Structure formats: structure tokens, C-alpha cells
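*Asks:*
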Amino acid sequence: MLDRTNSLQDARRVPVFTRTLFRHLQDQGYTREQIIGVSTELLSLLSTDLKSKQDLLPAE
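The sequence shown begins at 6 in the numbering used here and counts up by one.
This is the structure we're talking about:
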């Protein structure tokens, strides 16, 4: 039951965090294009992280 509660809380946190980050970037004067750049960089970092973790897995 605890895992389900944590999953629900996490599912709610992500959109709240995202809206907060977006508003903060806007308040700091970032343009839409710059916010897209931030998003792109986040995805790139995630992709790199996933690839590096995949490289650590044993070959099948």
C-alpha cells in the first residue's frame, strides 16, 4: 500500500514541479525559445545518463 501511495504522490509532484519551474523561468525573463533549450538540454542529459547506465549492464 505504501508503494501505491508514494507512486500517486510522485505522479502529482511532477506536474507541480514542472509548472513551478516553467513559471520561474518565465519570471526570470527566459524566452520561449530559451525554455525549449532548457528542456532540450534536460532531455539530452537524461539520454546520456540512460546510455551510460545501459553500458554498465552485462551483455546478453
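Built from N, CA and C at the ideal position, the CB exists for glycine as well.
For clarity, every value in this text was computed on a predicted model and none was experimentally measured.
Identify whether glycine 34 lies in helix, strand or coil by the three-state DSSP scheme.
*Replies:* The answer is coil: DSSP assigns glycine 34 none of H, G, I, E or B.
*Asks:* One question on the structure: do leucine 30 and isoleucine 40 come within less than 9 Å of each other, judged by their Cβ atoms?
*Replies:* Yes. Within cutoff.
*Asks:* Looking at C-alpha atoms only, which residue of Leu48, Ser44, Leu13 and Ser12 is the closest neighbour of arginine 24?
*Replies:* Checked all of Leu48, Ser44, Leu13 and Ser12; the closest Cα to arginine 24 is Ser44.
*Asks:* To the nearest angstrom, report how far apart serine 49 and arginine 17 are at their CA atoms.
*Replies:* When rounded, the distance between both Cα atoms is 24 Å.
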